[in-house]
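Protein chains in written order, with my numbering: chain B, 6 to 410; chain S, 6 to 410.
Built from N, CA and C at the ideal position, the CB exists for glycine as well.
Worksheet for the structure shown next.
2 protein chains.
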Amino acid sequence: MARIVQKYGGTSVGDVERIRKVAERIKAIRDEGNELVIVVSACAGVTNELIARAKAVCANPSEREMDQLLAIGEQETIALTAMALHGVGVDAISYTGAQAGIFTDKVHTKAKIKTINAKPIEKDLVAGKVVIVAGFQGINEEGQITTLGRGGSDLTAIALAAAVKADKCEIYTDVDGVYTADPRVVKDARKLQEISYDEMLELASSGSKVMQSRSVEFAAKYDVIFEVRSSFNYNPGTIVKKEIAYMEKVVVRGVAVDKDQAKVIISNIPDKPGSAAKVFRALADASIIVDMIVQNMGRGGIANLTFTVPLTDAAKVQRTLLPVLEGLGGGEVAIHENIAKLSVVGVGMKTHSGVAATLFQALADASINIELISTSEIKISVVIDKAKSDEAARVAHAAFELEKL
Amino acid sequence: MARIVQKYGGTSVGDVERIRKVAERIKAIRDEGNELVIVVSACAGVTNELIARAKAVCANPSEREMDQLLAIGEQETIALTAMALHGVGVDAISYTGAQAGIFTDKVHTKAKIKTINAKPIEKDLVAGKVVIVAGFQGINEEGQITTLGRGGSDLTAIALAAAVKADKCEIYTDVDGVYTADPRVVKDARKLQEISYDEMLELASSGSKVMQSRSVEFAAKYDVIFEVRSSFNYNPGTIVKKEIAYMEKVVVRGVAVDKDQAKVIISNIPDKPGSAAKVFRALADASIIVDMIVQNMGRGGIANLTFTVPLTDAAKVQRTLLPVLEGLGGGEVAIHENIAKLSVVGVGMKTHSGVAATLFQALADASINIELISTSEIKISVVIDKAKSDEAARVAHAAFELEKL
């Protein structure tokens, strides 16, 4: 007997038929004698539909009311999932975020979990009930409903796993696990049996869309081991944990491509102390996330700055920086949207040299030009031409022999 | 300045366009300096859609989970209504039943309100906010969501009006008010300016579908004066209160027809003490509401019982009574579905004789046969042929000169 937390995403509970399938799946695991806490998301599409209705009544809806509205998506799926379990003879009870005692701070639409009072859930588990909890939502100390932002249901599952001291935490999604590269692009990509939190974090920040970084960070902080797997089949997924047995031997664990980035070049800034700080302060104030910064000294006291931003923020960058550059006494902004960021990630890099050389050689052999480079302890990222990014993923994957993992 | 509770039903908030119209309406009343508590129902159709989904995942959904599910209907409309008010520049805040402190007993799907902690609402009212409250729902002392059953949103409004000591309570619906008869049947039916709780109760139990009896009973108990009016126009509605100024002069206030009744005749029951009790105990145990009971002694120790039941329960009556009659040693059950119950209602009847005679004469003049009669202090009901019920309503309306009210 084990205590297991499972999370089912929006496509897994996308309609009543799928909810019934999920119930069958839960029943099988319950029948093996396990204690189960099930976290569910809203049906795929429901959240967007609710947002559209909100925008139809008010151009700029308040975040408090948005949370009040969006929370109904999960409240629907928890009730339907509990009913579907009753339908197959499993004793189950649903909990909203508030009922589950998931207390957050007061920041609506992107609240942080502060504490979980897991006593009522534990009582129901001991009484033999499957407990269904609404993902993505909580309650603040004033009794107002809050939501946790993107990836919030994963976070709910991992936080609950920590709170109820679960033996296992399983994140069911529409992919099979974490791969060495996107299998749609790299045909011989391999599913990883295990991956470390750090590697998972670098992959998430490098455009691999399996999970949001904050959930992985939370798991790392509370040392919650979790498995990413598919609810549409019974294949084992990828286990994410702190240390991996063969970590020393394998240098690179995966290749990720992020096509949703733009490259920003600011040229001819008068090179005075604090110029760069002013640029990046303005971008931060506009909530634009900046990555891969390179500064070049030009000739004659002129500096150039290059960095990447999310593609969706590219227009905002232009609007934000023009007045700043005016204040600095000059400079032009150029945005290049046809770029991609390719990253190779692996904890083993820490103790192995030559990873950068291998990557650069592989790209050079394929005549792929590198426009920017940035590195961390366990990641190397390069900016390349977007049109060549699929080919780049394949040659990098082959260069590190990831198909042999 | 007045403190006003308004309730908008499911058709009034049936889509985003209508929610915006309701917001404009609320703004106008707010701009006059009034304090407002707004109770809203779920969008028309949403509750039925949710019930359909529940039945699709489970043949017999648990009532606790049903409440958890159905409560999202109003949670959607409160958030959208608050947003729509923000959109027109009105400060507003939404409350679920739980947030509004509406505490109920533990009976899921038809909970009774026990207490309301109105302090948070009053604080927001004093702070100048329009408070939007989800109708139909509450919370029990274990923190579980409950719903109040049919007509629950009216009940929420009336209970809140009592709790916040409102000066006015307005129930917005899709009819203009309470009429002397159904205007679709009786062309010269008049809208009543005022009606007493007792009359309203008798009309409700006589098939007039403006409001459920329990809301009127609650209003009578706490002496909450309320107005029934339409959200689609600005006509004054009907005010429902304890005493009406001209009550003494007017004998009959309205004619109601209930076509959803069936007549049950049980004949040839051996007439032993307790036979009738056994019949009605069995019907009560099957939750069948019985009305208009008449017992006739037949010849030679044989009794006949006649009564009416809701049409939807007719088949259940047969199933329920056959074993009982067997136990009593005989008797047959006959169900007549082609009947209607016509009622004339008026507090003035108490002190006026001749109402029954006037009604019976009017029906006789129109060759309408009376099959059963029952009377209360302020109501006379007759069972007649369903095919003649519209004509009966017209002749009764004319006989009491209700078009002159």
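Cross-chain neighbours of Val42/B in chain S, by beta carbon under 7 Å: Correct list: empty, because the minimum Cβ distance to chain S is about 17 Å.
Uninterrupted beta strand (DSSP E) stretches inside the stretch 270-349 of chain B (no shorter than 3 residues): The qualifying runs are 296-302, 307-315 and 337-341.
Run of the alpha helix (DSSP H) containing Glu232/S, from where it starts to where it stops: Looking at the DSSP string, Glu232/S is not in any alpha helix (DSSP H); the run it does join, the beta strand (DSSP E), is Phe231 to Ser235.
Given 8 Å, three or more beta-carbon pairs between the stretch 327-336 of chain B and the stretch 280-289 of chain B: yes
Below-9 Å beta-carbon distance, Pro66/B vs any chain S residue: yes
Helix, strand or coil at Glu175/B according to DSSP, with G and I counted as helix: strand
Local Cβ density within 10 Å of Thr82/B, reported as buried at 16 or more and exposed below that: buried
Beta carbon of Gly14/S nearer than 9 Å to that of Ser46/S: The Cβ atoms of Gly14/S and Ser46/S sit closer than 9 Å to each other.
Leu197/S in three-state terms, based on DSSP: coil
Proximal residues to Val10/B (C-beta, below 6 Å), its chain only, five neighbours per side dropped: Val42, Ala162, Leu165, Ala166, Ala171 and Cys174
Chain S contacts from the stretch 105-135 of chain B (Cβ-Cβ distance under 9 Å): Pro125
Enclosing alpha helix (DSSP H) for Val62/S [first to last residue]: Val51 to Val62
Touching by the beta-carbon criterion (3+ pairs, under 8 Å), the stretch 335-355 of chain S and the stretch 204-223 of chain S: yes
Spatial neighbours of Lys32/S in its chain, beta-carbon cut-off 6 Å, leaving aside the 5 residues before and after: Result list for Lys32/S: Val93 and Val95, in chain order.
Contacting residues, own chain, Cβ-Cβ under 7 Å from Ala291/B (five flanking each side not counted): Lys321 and Thr325
Bounding residues of the alpha helix (DSSP H) (the contiguous stretch that carries Gly127/S): Reading the sequence as shown, one finds Glu at residue 127/S and not Gly. For Glu127/S, the enclosing alpha helix (DSSP H) starts and ends at Lys124 to Val131.
Lys264/S vs Ser394/S beta-carbon contact at 9 Å: yes
Endpoints, the alpha helix (DSSP H) within which Thr161/S is located: Start and end: Gly157 to Ala168.
6 Å Cβ shell around Glu40/B - same chain, five flanking residues per side excluded: Arg8 and Leu130
Distance, Pro125/B Cα to Val255/S Cα: 59 Å
The ligand ADP heavy atom lying under 8 Å from the CB of Gly306/S: The ligand ADP is absent from the structure shown, which contains no ligand whatsoever.
C-alpha gap between Ser358/S and Ser379/S, whole angstroms: 16 Å
For Arg8/B, three-class secondary structure by DSSP: strand
Chain B contacts from the stretch 24-58 of chain S (Cβ-Cβ distance under 7 Å): Ile24, Arg25 and Arg58
Coarse secondary structure for Ser213/B, derived from DSSP in three states: coil
Endpoints, the alpha helix (DSSP H) within which Val221/S is located: Ser218 to Tyr227
Option nearest Val215/B by Cα separation, candidates Val112/B, Ala225/B and Ala261/B: Ala261/B
Listed by chain order, chain S residues near Leu74/B by CB distance under 8 Å: Gln80, Glu81, Ala84, Leu85 and Met88
Selection of the stretch 161-175 of chain B by Cβ proximity to chain S, strictly under 9 Å: none
Alpha-carbon spacing of Val338/S relative to Val329/S, whole angstroms: 11 Å
Boundaries of the alpha helix (DSSP H) in which Lys26/S is found, first to last residue: Val21 to Asp36 is the extent of the alpha helix (DSSP H) around Lys26/S.
Other residues of its chain near Val191/S: CB distance less than 6 Å, five sequence neighbours each side excluded: Ala398, Arg399 and His402
Endpoints, beta strand (DSSP E) assigned at Ala139/B: Val135 to Ala139
Neighbourhood of Ala287/B by C-beta, 6 Å cutoff - its chain only, sequence neighbours within 5 removed: Thr325 and Val329
Below-9 Å beta-carbon distance, Val62/S vs any chain B residue: yes
Ile77/B: first and last residue of the uninterrupted alpha helix (DSSP H) it sits in: Glu68 to Gly92
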